[in-house]
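These notes are about the structure you will find just below.
Numbering (full-length UniProt numbering), first residue to last: 1 to 236.
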């Protein structure tokens, strides 16, 4: 059957794509992103996500290209890599390698929302990453829980009940991007259904009793959203 989908071109396209990305460089947007805490260690061009999505549509599911783009270390190339990679071809080794390379919350969230959550290894990686001390690896585990709670409609409640103690175990971590992700994960579990809402509220109250600034913030943020809800499903 004929198809309009282009064959995967792989790493050979990287130089042309980098040239295209660099042509859209915006120092003004770089500075704006820095104000929101996006400060990658590698080259930072400042391209907005709509521009990256336009390029991604030309290279869907070119997994070899995605791997090569990631290796460049360019911030926007890494964002693009998550948009063109094939989740069915992801290995735990690749996911873990990318997680170790996360250097901004934006790279974490983009990879988890658009790619990692679609992998059959997503829950296993979340369980492994949440206990890790690296800020963005830990955030990635928590963001995966949040996005799975929203998008994986076939998962059993037990999957998310098992994540509640893990969230509590890192709730005293006072790093901003960790505590925000912990609250996000707890809230999305609670918005999944009435049973999980009750469990998430109970977990938030246990976290509150830990009585550290971070734990109090996470618990109160979650309770503010979950307490008035009556079994209503939520979304990111």
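For every residue, glycine included, the Cβ atom is placed at its ideal position computed from N, Cα and C.
Of all the options the options, which has the alpha carbon lying nearest to the alpha carbon of residue i?
i: residue 86; options: 99, 210 and 67; result: 67
i: residue 79; options: 90, 50, 93 and 88; result: 50
i: residue 182; options: 192, 152, 146 and 25; result: 146
i: residue 216; options: 172, 184 and 227; result: 172
i: residue 81; options: 10, 149 and 136; result: 10
i: residue 162; options: 176, 128, 53 and 12; result: 128
Which residues mark the beginning and the end of the alpha helix (DSSP H) in which residue i is found?
i: residue 177; result: 176 to 190
i: residue 16; result: 14 to 23
i: residue 32; result: 27 to 35
i: residue 56; result: 49 to 56
i: residue 157; result: 157 to 161
i: residue 169; result: 164 to 169
i: residue 214; result: 213 to 226
i: residue 107; result: 105 to 114
i: residue 145; result: 135 to 151
i: residue 196; result: 194 to 208
i: residue 83; result: 75 to 84
i: residue 132; result: Unbroken run through residue 132: none, as it is neither H nor E.
i: residue 43; result: No alpha helix (DSSP H) holds residue 43; DSSP gives it neither H nor E.
i: residue 63; result: 63 to 71
i: residue 91; result: Note, residue 91: premise wrong, no alpha helix (DSSP H); not H, not E.
Who are the near neighbours of residue i in its chain, counting only those whose CB is closer than 6 Å to its CB and skipping five residues on each side?
i: residue 2; result: Confidence at residue 2 is low in this model, with a pLDDT of 38, below 50, so its placement is unreliable and no value can be given for it.
i: residue 231; result: Per-residue confidence for residue 231 stands at a pLDDT of 44, beneath the threshold of 50, marking its modelled position as unreliable; the derived number appears in the next sentence. Once the five neighbours on either side are set aside, the close Cβ partners of residue 231 are 194.
i: residue 40; result: 75, 103 and 104
i: residue 30; result: 44 and 46
Give me, in chain order, the residues of the same chain whose beta-carbon lies closer than 8 Å to that of residue i; leave out the 5 immediate sequence neighbours on both sides.
i: residue 164; result: 186, 189, 199, 200 and 203
i: residue 174; result: 212, 213 and 214
So, under 8 Å CB-CB, residue i and residue j are touching, yes? Tell me the CB distance rounded to an integer number of Å.
i: residue 130; j: residue 170; result: 6 Å
i: residue 108; j: residue 69; result: Between residue 69 and residue 108 the Cβ distance is about 17 Å, and since that is not below 8 Å, they are no contact.
i: residue 25; j: residue 45; result: 5 Å
i: residue 227; j: residue 205; result: Wrong, their Cβ atoms sit about 10 Å apart, outside the cutoff.
i: residue 116; j: residue 144; result: 6 Å
i: residue 106; j: residue 38; result: 5 Å
i: residue 237; j: residue 90; result: Examination of residue 237 is not possible in this model, given that the chain is present from 1 through 236 alone.
Give me, in chain order, the residues of the same chain whose beta-carbon lies closer than 7 Å to that of residue i; leave out the 5 immediate sequence neighbours on both sides.
i: residue 159; result: 123
i: residue 98; result: 70 and 111
i: residue 33; result: 46
i: residue 42; result: 73, 74 and 75
Just checking: is the beta-carbon of residue i within a distance shorter than 9 Å of some beta-carbon in chain D?
i: residue 141; result: Judged by its chain identifiers, the structure shown contains no chain D, having just a single protein chain.
Q) Looking at C-beta atoms only, is the number of pairs between the stretch 121 to 133 and the stretch 60 to 71 that lie closer than 8 Å three or more? A) no
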